[in-house]
Amino acid sequence: MTRDSGKKKNEAEVKIEANNEAKLRAERTNLRRLFAVVAKSFDDIHRSMNREKNIDIQFSKICEKAERLFRVVQDIKEIINFTDEEYDTMESYRDRFTKIRVIYEKNYNKQDESKSEISREIALDNLKLPKLSLKEYETLCLDHGL
Numbered sequence: 017m018t019r020d021s022g023k024k025k026n027e028a029e030v031k032i033e034a035n036n037e038a039k040l041r042a043e044r045t046n047l048r049r050l051f052a053v054v055a056k057s058f059d060d061i062h063r064s065m066n067r068e069k070n071i072d073i074q075f076s077k078i079c080e081k082a083e084r085l086f087r088v089v090q091d092i093k094e095i096i097n098f099t100d101e102e103y104d105t106m107e108s109y110r111d112r113f114t115k116i117r118v119i120y121e122k123n124y125n126k127q128d129e130s131k132s133e134i135s136r137e138i139a140l141d142n143l144k145l146p147k148l149s150l151k152e153y154e155t156l157c158l159d160h161g162l
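Start counting at 1 in the sequence shown, then tack on 16, and there's your number in my numbering.
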C-alpha cells in the first residue's frame, strides 16, 4: 500500500511539473509573438519620417515584453535542460533586443545636458575641491580619531 501511494504521489508530482512546463512554454510562445510584433513596429517607426512621436512608447513596450520573456525563459530553465536550439533561439531574442536598445539609445535617447540637474551639479568645472597633501591628511585623520 505504501508503494502504491508513493508511486501515485510521484506520478502526481510529474504531472504537476509537466503542466507547469507546458504553461511556461505556452507563455513563452505568446511573449515571443508579442515581442516580434513590437520589434517590427519599432523598426517601422524608426524607418518612418514621424519617428519622434511614437518611438518612446514602442521602446517602453519592447522593454516590458523583453523583460517578461526573459523572466519566463529563466523559469523554464529552472525546470528543464535547454537544447542547443532553445539556447540559440533565446539568444536571437536577446540579440534582437540589444540591437533595438542600441538604436534607441543612439538615435532617440539624447538628453540635453544643460537641463540635467546632475550634470549641472557635477560638471567638472564646478568641482572645487581642496588640495590636501599627505601630511595634512594624516593630521586631519588623527584629529578626528580616524
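Where a beta carbon is used, it is the ideal one built from N, C-alpha and C, also for glycine.
**Report entry** Through-space distance from residue 114 to residue 107, alpha-carbon basis
**Finding:** If you take the alpha carbons of residue 107 and residue 114, they lie about 10 Å apart.
Requested in this report: Would you tell me roughly how many angstroms separate the C-alpha atoms of residue 137 and residue 125, rounded to the nearest one?
Outcome: Note that residue 137 has pLDDT 43, beneath the 50 cutoff, so the model's placement of it is unreliable and the number below is only indicative. For residue 137 and residue 125, the distance between alpha carbons rounds to 21 Å.
Query raised in the report: Is it true that the CB of residue 40 sits closer than 9 Å to the CB of residue 92?
Result: yes
**Report entry** Cα-Cα separation, residue 85 to residue 51
**Finding:** 8 Å
Query - First through last residue of the alpha helix (DSSP H) which encompasses residue 120 - result: 100 to 123
Query raised in the report: How would you label residue 38, buried or exposed, when you count the other beta carbons within 10 angstroms and need 16 or more for buried?
Result: exposed
Query raised in the report: With C-beta atoms as the reference, is residue 55 less than 9 Å away from residue 96?
Result: no
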